[in-house]
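A.B. asks:
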Amino acid sequence: MIQINSLKDCSDASKVNVQYSDSFCNSEVVHPLKKDVRKLIIDGVLTCPLCKSHDMNLAFQKEQEEKIKQYRVQFQNGRLQADSLFSDYTIEHANFEAYETTPESEAASNKERAITAMKKYKEGVVFNTMISGHAGVGKTHLAMAILNNLNAKLPKTCLFIKVDNLMREIRKTFKPSYQGKEDEDYYISRLVNADFLVLDDLGAESGSIQKENTASDFVHRVLYGVLDGRRDKSTIITTNLSVKGIQQLYDEKLISRMLSNHYIIKFENTSDHRIQSISFD
Numbered sequence: 001m002i003q004i005n006s007l008k009d010c011s012d013a014s015k016v017n018v019q020y021s022d023s024f025c026n027s028e029v030v031h032p033l034k035k036d037v038r039k040l041i042i043d044g045v046l047t048c049p050l051c052k053s054h055d056m057n058l059a060f061q062k063e064q065e066e067k068i069k070q071y072r073v074q075f076q077n078g079r080l081q082a083d084s085l086f087s088d089y090t091i092e093h094a095n096f097e098a099y100e101t102t103p104e105s106e107a108a109s110n111k112e113r114a115i116t117a118m119k120k121y122k123e124g125v126v127f128n129t130m131i132s133g134h135a136g137v138g139k140t141h142l143a144m145a146i147l148n149n150l151n152a153k154l155p156k157t158c159l160f161i162k163v164d165n166l167m168r169e170i171r172k173t174f175k176p177s178y179q180g181k182e183d184e185d186y187y188i189s190r191l192v193n194a195d196f197l198v199l200d201d202l203g204a205e206s207g208s209i210q211k212e213n214t215a216s217d218f219v220h221r222v223l224y225g226v227l228d229g230r231r232d233k234s235t236i237i238t239t240n241l242s243v244k245g246i247q248q249l250y251d252e253k254l255i256s257r258m259l260s261n262h263y264i265i266k267f268e269n270t271s272d273h274r275i276q277s278i279s280f281d
């Protein structure tokens, strides 16, 4: 009998009992070129040393692959906070539970429609979601709730972009004094490459919707670059604009990209959740 000190714990002189056996291994999978490998009896278990080493290597490889997978998921999930453009950070952690509604109300119905959209996205269905209605009804909250849920459950990159903020960031790169590396193409690529994208408050980048405005060539160019590049991906858009307002503001080519294969969540009768009085009594 051979006694070998365990490599795991030599300090307490623990022993591994090893004996040569009269059995041989001729695995065609693990060691096809090595025949008649003598098996060992290790702590009473008949073992081929080459097969054992092979199994240990596979287990180690699987463990490392799982760690890499977890790291990639953490990296992708972290992009939502790191790369998004927010104007209101109170919605950063928005969820469906925090969106309070009264039974059988329009808000309750639209909340369920948002949950349905989220479930379809998880199933891999590709479509655009348009959440429209006047200010304060919770459009951004629902869009962010969808995004947060997808970000937590799927190994996908998610991005939230306030459209007005995006235009300001790109315009900064046009200034002669600008010394950064980012440019218009950089921002467009970042949005195109995200698996799921929220474009928040579409229309605000072009001024008051009460005026006879049309979006500038610059706005059209950026938005078309993003939406055209995302034809095979899902985009969630929130806007205060009606369909008529969208048609007034943007050209037909851009509207076609916005409304391609789209799912509507429309607020018409819900009051502004943000308008409420407080009391110090």
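According to full-length UniProt numbering, the residues represented by the sequence shown are 1 to 281, in order. All C-beta atoms, glycine included, are put in the ideal place defined by N, C-alpha and C. From a predicted model like this one, the values you see are computed outputs, not experimental measurements.
(1) When you compare only the Cα positions, how much space is there between residue 200 and residue 29?
(2) Among the candidates 65, 203, 171, whose CA atom is the shortest distance from the CA of residue 132?
(3) Whole-angstrom Cβ separation of residue 118 and residue 146, contact assumed at under 8 angstroms?
(4) Give me the Cβ distance between residue 238 and residue 94, rounded to the nearest whole Å; I'm assuming they're in contact under 8 angstroms.
(5) Alpha carbons only, please: which of 18, 246, 65, 51 is nearest the one belonging to residue 32?
(6) What is the rounded straight-line gap between the Cα of residue 270 and the Cα of residue 241?
(7) Between the Cα of residue 182 and the Cα atoms of 140, 169, 252, which residue gives the shortest distance?
(8) Mark residue 215 as exposed unless 16 or more other C-beta atoms lie within 10 angstroms of its C-beta, in which case mark it buried.
(9) Please list the terminal residues of the continuous alpha helix (DSSP H) segment that includes residue 218.
(10) Identify whether residue 179 lies in helix, strand or coil by the three-state DSSP scheme.
(11) Report the three-state DSSP secondary structure of residue 173 (helix, strand or coil).
(12) Which value, in whole angstroms, describes the spacing of the CA atoms of residue 234 and residue 34?
(13) Relative to the C-alpha of residue 256, which residue among 228, 245, 272 is closest?
(14) Short of 7 angstroms in beta carbon distance, which residues of its chain neighbour residue 24, apart from the five on each side in sequence? Order them along the chain.
(15) Please report how far the alpha carbon of residue 224 lies from the alpha carbon of residue 103, in whole angstroms.
(16) Specify the secondary structure class of residue 256 as computed by DSSP and reduced to three states.
(17) Taking residue 226 as the reference, which of 244, 265, 159 has the closest Cα?
(18) Since I believe residue 267 is in contact with residue 106 (beta carbons under 8 angstroms), could you give me their beta-carbon distance rounded to a whole number of angstroms?
(19) Out of 88, 125, 62, 43, point me to the one whose CA is closest to residue 262's CA.
(20) Please indicate yes or no: does the CB of residue 252 lie closer than 7 angstroms to some heavy atom of the ligand ATP?
(21) With distances taken between CB atoms, is the gap from residue 89 to residue 196 smaller than 8 angstroms?
(22) Excluding the five sequence neighbours on either side, which residues of its own chain have a C-beta within less than 8 angstroms of the C-beta of residue 178, listed in chain order?
(23) Give a yes or no on whether the C-beta atoms belonging to residue 192 and residue 221 are separated by under 8 angstroms.
(24) Quick check on DSSP: helix, strand or coil for residue 153?
(25) Can a CB atom of chain D be found closer than 8 angstroms to the CB of residue 143?
(26) Using CA coordinates, which residue listed in 259, 164, 137, 81 is at the minimum distance from residue 206?
C.D. replies: From the atom records:
(1) 56 angstroms
(2) 203
(3) 5 angstroms
(4) The pair is not a contact, with the Cβ atoms about 12 angstroms apart (cut-off 8 angstroms).
(5) 51
(6) 15 angstroms
(7) 169
(8) buried
(9) 217 to 229
(10) coil
(11) coil
(12) 53 angstroms
(13) 228
(14) 36, 37, 38, 39
(15) 39 angstroms
(16) helix
(17) 159
(18) 6 angstroms
(19) 125
(20) Among the ligands in the structure shown, none appear at all, so the ligand ATP cannot be discussed.
(21) no
(22) 172
(23) no
(24) helix
(25) Judged by its chain identifiers, the structure shown contains no chain D, having just a single protein chain.
(26) 164
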